[in-house]
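Colleague: There's a structure below that I have some questions on.
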Amino acid sequence: MPDNSQLEAQTASEEYSDDDRSRGGPATAVADRPADASAKPRRQPPYNVIIWNDETHSFDYVIDLLMTLFGHSQEAAFKITDTVHHTGRGIAFTTHKELAELKCEQILAAGADWRMDNSHGPIRATIEPAPG
Numbered sequence: 006m007p008d009n010s011q012l013e014a015q016t017a018s019e020e021y022s023d024d025d026r027s028r029g030g031p032a033t034a035v036a037d038r039p040a041d042a043s044a045k046p047r048r049q050p051p052y053n054v055i056i057w058n059d060e061t062h063s064f065d066y067v068i069d070l071l072m073t074l075f076g077h078s079q080e081a082a083f084k085i086t087d088t089v090h091h092t093g094r095g096i097a098f099t100t101h102k103e104l105a106e107l108k109c110e111q112i113l114a115a116g117a118d119w120r121m122d123n124s125h126g127p128i129r130a131t132i133e134p135a136p137g
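6 is the number of the first residue of the sequence shown in the numbering used here; add one for each residue after it.
Structure, rendered in structure tokens:
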């Protein structure tokens, strides 16, 4: 029959795992909290990617850019390009800030318009917070 010290050692080894012993005690169980039905993921604020008018990029260049980088249809790309031409700027895309920054960088990386002799660099593009 085991003596008291053997029983205490056996009981202690059953209550503590090796990890518990290295931390100095048993792990504390955390009760699961009920899911809050009203908690919704926060939406990131929207940003507009703006293309600015200039005289060194053709309509075709801007339309191709909008179709390639943003997946706009030819009709939608033409409308945006026409807005850029008549108002000086147009919203190419609205999304969260990180993607807006990426899309702006992609526009700048597209470079000069090979159709225009006086085009020596990318079309101007910026991002700005979208209303709402």
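Glycine included, each C-beta is placed from N, C-alpha and C at the ideal position.
1. Within 10 angstroms of its Cβ, does K45 collect 16 or more other Cβ (buried), or is it exposed?
2. Answer yes or no: do I55 and A117 have a C-beta to C-beta separation smaller than 8 Å?
3. State the Cα-Cα distance for the pair D122 and E106, rounded to the nearest angstrom.
4. Can you have a look at T86 and say buried or exposed, based on whether 16 or more other CB atoms are within 10 angstroms of its CB?
5. With a cut-off of 8 Å on the beta carbons, I'd call I96 and L70 a contact; round off their distance for me.
6. How big is the Cα-Cα spacing for S124 and P51?
7. Count the other C-beta atoms from every protein chain shown that fall within 10 angstroms of the C-beta of K102, then say buried if there are 16 or more, exposed otherwise.
8. The beta strand (DSSP E) with E60 in it runs from where to where?
9. Buried or exposed: A82, going by 16 or more other Cβ atoms within 10 Å of its Cβ?
Modeller: In short:
1. exposed
2. no
3. 29 Å
4. buried
5. Actually they do not touch by this definition, with Cβ atoms about 14 Å apart.
6. Distance between the alpha carbons of S124 and P51 is about 31 Å.
7. exposed
8. Taken as a continuous stretch (DSSP letters only), E60 belongs to no beta strand (DSSP E), as it is neither H nor E.
9. buried
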